[in-house]
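A.B. asks: Those letters in the sequence shown? Residues 1 to 141, by full-length UniProt numbering.
Glycine is no exception: its CB is placed at the ideal position from the N, C-alpha and C atoms.
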Amino acid sequence: DGPDVNRDRLVFCILSLVGHRVTAKLRNSVTYEGLFHSCSLDADYSITLKYARRLPKDASDKSGEVVPTLVIPGKDFLQVSASNLAPLSTVGDAAAGAAASGKAGFQTDTDISQRTDNTGDGRALVPWAAEGGAATAAPSG
Numbered sequence: 001d002g003p004d005v006n007r008d009r010l011v012f013c014i015l016s017l018v019g020h021r022v023t024a025k026l027r028n029s030v031t032y033e034g035l036f037h038s039c040s041l042d043a044d045y046s047i048t049l050k051y052a053r054r055l056p057k058d059a060s061d062k063s064g065e066v067v068p069t070l071v072i073p074g075k076d077f078l079q080v081s082a083s084n085l086a087p088l089s090t091v092g093d094a095a096a097g098a099a100a101s102g103k104a105g106f107q108t109d110t111d112i113s114q115r116t117d118n119t120g121d122g123r124a125l126v127p128w129a130a131e132g133g134a135a136t137a138a139p140s141g
């Protein structure tokens with residue numbers, strides 16, 4: 001059996017939520033808002049929210065008290081949603097960019113100084129010189 005692509009995608013999506021404000025709607029029509037902290041991928045997919053509060057059902061109601069840590073069992077929630085997430089870049093995107101430029105892995109100062117992709121933000125490499133302007137040699141002996 002090869003890797004489960006759908007599980008990998010689920011893990012990627014869940015990891016992208018860590019640290020973001022999410023809302024979790026439960027089966028009993030209660031909605032919580034908090035910072036997504038973790039998800040148990042082993043059994044029931046329970047989620048952990050930090051600094052969670054129960055959202056009011058009506059505009060006239062007050063939101064609930066802030067709970068430092070709220071664990072919601074997977075069987076109890078219907079959906080978890082987040083908004084205003086920045087687009088995610090992956091390690092594969094960075095590797096593809098390096099492969100397209102012909103340079104992958106370690107780059108020397110010469111390689112970096114010859115770039116034309118403007119990733120240096122107007123900065124230039126400057127040669128290093130020891131104090132007094134001369135390079136020092138290691139003592140022999």
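Comparing alpha-carbon positions, which option in Leu70, Leu125, Ser113 and Pro87 lies nearest Thr23?
C.D. replies: Leu70
A.B. asks: Can you name the start and end residues of the beta strand (DSSP E) that Phe12 belongs to?
C.D. replies: Segment Val5 to Leu17 is the alpha helix (DSSP H) holding Phe12; no beta strand (DSSP E) there.
A.B. asks: Measure the C-alpha to C-alpha separation of Gln114 and Pro56 and round it to an integer number of angstroms.
C.D. replies: A straight line joining the alpha-carbon of Gln114 with that of Pro56 spans about 58 Å.
A.B. asks: Can you tell me whether Cys39 is buried or exposed? The criterion is at least 16 other CB atoms within 10 Å of its CB, across all chains shown.
C.D. replies: buried
A.B. asks: Grab the span of the alpha helix (DSSP H) containing His110 for me, first residue to last.
C.D. replies: In the sequence as displayed, the identity of residue 110 is Thr instead of His. For Thr110, the uninterrupted alpha helix (DSSP H) segment begins and ends at Asp109 to Ser113.
A.B. asks: Tell me which residue opens and which closes the beta strand (DSSP E) that His37 is part of.
C.D. replies: Thr31 to Cys39
A.B. asks: Give the secondary structure of Lys75 by DSSP, where H, G and I count as helix, E and B as strand, and everything else as coil.
C.D. replies: Correct three-state label for Lys75: helix.
A.B. asks: Output the distance between the C-alpha atoms of Gly2 and Val18, rounded to the nearest integer angstrom.
C.D. replies: 27 Å
A.B. asks: Is it buried or exposed, Ile72, if we count other Cβ atoms within 10 angstroms and call 16 or more buried?
C.D. replies: buried
A.B. asks: I'd like the span of the beta strand (DSSP E) that includes Ala24, first residue to last.
C.D. replies: Counting along the chain, the beta strand (DSSP E) containing Ala24 begins and ends at Arg21 to Leu26.
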